[in-house]
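S.K.: Before we start, here is the structure in question, set down as structure tokens.
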Amino acid sequence: MRVDDPAEPDLDTAHLAVKVTPARLTDTDRELVDAYPSQIGDAEVINALDILMPWEQRLRRESGAGLCPPRVADAVKIAVDGLQGCARVAAEASADSRKLAVWRYKLWWIAQRTDLPWLTDPDDGEEPRYTEDTIDWEQVATAVNIVASELDRDDLVPYYDDTVIVDCDLTALGEEERNIVYNWFNSRIAPTVDPWHRRMVDGRHRLCGVWQANPSARIPILSLELQGAEEREPKPSSRDQEAMRESLARLDTSTGTNRRYARNLAWTLKGNVLGLDHRGGPADDEPLEL
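If you want our numbering, it's the position in the sequence shown, counting the first as 1, plus 5.
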């Protein structure tokens, strides 16, 4: 039964960083626990922990008294444990501004300006979004270009499940530029699109800002298709698959991030669910053909 309490958290907005096995929860239980795998920043981790830890303790007590299904308390405990792990990652990376954590590193691909020819400046003919302070997009472009090179490395070692920490010195960046770069790789608002799409979920302003400052910049972009592969078996139409093949043919998928991206796409299109931690996903010798 639902535990009605004014202090009960809105778990949907807590951005939990774990996935609770669906079989563990009934439909009624899901009203209590809605846990989604997601990218979260350190502030969101701490806020969610502040909310969840007291609630987990209360549910544990009520479970012992028969007032709450034990599996609900167990699910919230899993969420707390997952968030504490993410908090450790965030603390490690934020303690050194020469390092940057990249969440869900398996879901990125590297774009050059010619890979998204349809992208136009969303502020063209309108009042710009950034009117208060002048953002140094050259600084942002330099930083994301460095991250692109780091993600291309074959010796990436996951620090915590789906996270890698890369070398990227942000000490010379202004506060606003540093926040843009940090949130690019550590929040739910990463620039998100695949090369065969014709519109973006998020990130048009940032991509245009970076490419206007440095047209040759290589930019890490989160894949919308691979995001969906966490929870479903992606089966795009034959037309979509043809668009995929044409787009990937224009990318250099021989090395680095884009090779990982193409391999993960091929893996998911065979009906596999993409595991985001270091144990899931295709082997290095998995064929790249879609």
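C-beta atoms are modelled at their ideal positions from N, C-alpha and C, and glycine is treated no differently.
1) Are the beta-carbon atoms of Thr168 and Arg103 separated by less than 8 Å?
2) For Gln232 and Leu121, which I take to be in contact (beta-carbon distance under 8 Å), what is that distance rounded to the nearest angstrom?
3) State the beta-bridge partners of Leu105 as determined by DSSP.
4) Using the beta-carbon count (16 or more within 10 Å), is Asp199 buried or exposed?
5) Does the beta-carbon of Ala222 have 16 or more other beta-carbons within 10 angstroms, so that it is buried, or is it exposed?
6) In this structure, does DSSP put Asp120 in helix, strand or coil?
7) Classify Arg109: buried if its beta carbon has 16 or more other beta carbons within 10 angstroms, exposed otherwise.
8) Roughly how many angstroms lie between the CA atoms of Gly261 and Val145, to the nearest whole one?
9) Where DSSP assigns a beta bridge to Ile226, which residues make up the other side?
10) Could you please give me the residues that DSSP links to Thr197 through a beta bridge?
11) Of the choices Ala116, Ile185 and Val206, whose alpha-carbon is the least far from that of Asp157?
12) Which residues in the same chain have their Cβ closer than 8 Å to the Cβ of Glu143, if we skip the five residues on either side of it in sequence?
13) In the DSSP assignment, find the unbroken alpha helix (DSSP H) run with Asn188 in it and report its ends.
14) Could you give the distance in angstroms between the alpha-carbon of Ala271 and the alpha-carbon of Arg255?
15) CA-CA distance, Asp245 and Glu251?
16) Is the Cβ-Cβ distance between Gly179 and Asp141 less than 8 Å?
17) Hey, Val152 and Pro225 are a contact pair by Cβ (cut 8 Å); roughly how many whole angstroms apart?
18) Which of the three DSSP states, helix, strand or coil, is assigned to Asp257?
19) By alpha-carbon positions, which one of Leu274, Gly276, Leu124 and Leu105 ends up nearest to Val171?
20) Apart from the five residues just before and just after Asp126, which ones in its own chain have a Cβ nearer than 6 Å to its Cβ?
21) What does the alpha-carbon distance come out to for the pair Pro287 and Arg264?
22) Is Thr273 near the ligand FMN, going by C-beta to nearest heavy atom under 7 Å?
23) Using a 10 Å radius around the Cβ and a threshold of 16 neighbouring Cβ atoms, would you call Arg268 buried or exposed?
24) Would you mind stating whether Leu227 and Pro196 have Cβ atoms separated by less than 8 Å?
25) Considering only C-alpha positions, which residue in the set Ala148, Arg193 and Gly276 is nearest to Val186?
26) Give me the Cα-Cα distance between Trp201 and Leu253, rounded to the nearest whole angstrom.
M.R.: Considering the structure as presented:
1) Start at 1 with the first residue of the sequence shown, and residue 168 comes out as number 163. Start at 1 with the first residue of the sequence shown, and residue 103 comes out as number 98. The answer is no: Cβ separation not under 8 Å.
2) By 1-based counting over the sequence shown, the position of residue 232 is 227. By 1-based counting over the sequence shown, the position of residue 121 is 116. Their Cβ separation, rounded to whole angstroms, is 18 Å, which puts Gln232 and Leu121 out of contact at 8 Å.
3) For the purposes of this step, residue 105 is taken as residue 100 along the sequence shown, with counting starting at 1. Leu105 pairs with Val171.
4) Looking up residue 199 in the sequence shown gives position 194. With a 10 Å radius around the Cβ and a threshold of 16 neighbouring Cβ atoms, Asp199 comes out buried.
5) Here residue 222 refers to the residue found at position 217 of the sequence shown. Answer is buried; the Cβ neighbour count reaches 16.
6) The sequence position of residue 120 within the sequence shown is 115, counting from 1. DSSP places Asp120 in helix when its eight states are reduced to three.
7) Counted from its first residue, the sequence shown places residue 109 at position 104. Under this definition Arg109 is a buried residue.
8) Here residue 261 corresponds to residue number 256 of the sequence shown, with the count starting at 1. Here residue 145 corresponds to residue number 140 of the sequence shown, with the count starting at 1. Cα-Cα distance, rounded: 22 Å.
9) Start at 1 with the first residue of the sequence shown, and residue 226 comes out as number 221. Partner(s): Trp114.
10) Numbered from 1 along the sequence shown, position 192 holds the residue referred to as residue 197. Answer is Asp207 and Leu227, bridged to Thr197.
11) Counting from 1 along the sequence shown, the entry for residue 157 is found at position 152. Nearest neighbour of Asp157 by Cα position, chosen from Ala116, Ile185 and Val206, turns out to be Ala116.
12) Start at 1 with the first residue of the sequence shown, and residue 143 comes out as number 138. Result list for Glu143: Ala218 and Asn219, in chain order.
13) Within the sequence shown, residue 188 is the residue found at index 183, counting from 1. In the DSSP annotation of this structure, the continuous segment of the alpha helix (DSSP H) that includes Asn188 starts and ends at Glu180 to Asn191.
14) Within the sequence shown, the letter at position 266 stands for residue 271. Within the sequence shown, the letter at position 250 stands for residue 255. Arg255 has its alpha-carbon roughly 16 Å from the corresponding atom of Ala271.
15) Along the sequence shown, one-based indexing puts residue 245 at 240. Along the sequence shown, one-based indexing puts residue 251 at 246. The straight-line gap from Cα to Cα measures roughly 10 Å.
16) Along the sequence shown, read from residue 1 onward, the residue named residue 179 stands at position 174. Along the sequence shown, read from residue 1 onward, the residue named residue 141 stands at position 136. In contact: Gly179 and Asp141 (Cβ atoms closer than 8 Å).
17) Position 147 of the sequence shown holds residue 152. Position 220 of the sequence shown holds residue 225. Their Cβ separation, rounded to whole angstroms, is 6 Å, which keeps Val152 and Pro225 in contact under 8 Å.
18) Translated into positions along the sequence shown, residue 257 becomes position 252. Of the three classes helix, strand and coil, the one that applies to Asp257 here is coil, per DSSP.
19) On the sequence shown, residue 171 is found 166 positions in, with the first residue counted as 1. Comparing Cα-Cα distances from Val171 to each of Leu274, Gly276, Leu124 and Leu105, the minimum goes to Leu105.
20) One-based indexing of the sequence shown puts residue 126 at position 121. Cys213, listed in sequence order.
21) Residue numbering aside, residue 287 sits at position 282 when the sequence shown is read from its first letter. Residue numbering aside, residue 264 sits at position 259 when the sequence shown is read from its first letter. Each residue's alpha carbon lies about 12 Å from the other.
22) Judged by which ligands are present, the structure shown has none, so any question about the ligand FMN falls away.
23) Numbered from its first residue, the sequence shown carries residue 268 at position 263. When all chains shown are included, Arg268 counts as buried.
24) Residue mapping note: residue 227 aligns to position 222 of the sequence shown, counting from 1. Residue mapping note: residue 196 aligns to position 191 of the sequence shown, counting from 1. Cβ distance < 8 Å, so Leu227 and Pro196 count as in contact.
25) As a first step, residue 186 must be located in the sequence shown, where it is residue number 181. Looking at the Cα atoms, Ala148 is the closest of the given residues.
26) For this step, residue 201 is matched to residue 196 along the sequence shown. For this step, residue 253 is matched to residue 248 along the sequence shown. Distance between the alpha carbons of Trp201 and Leu253 is about 8 Å.
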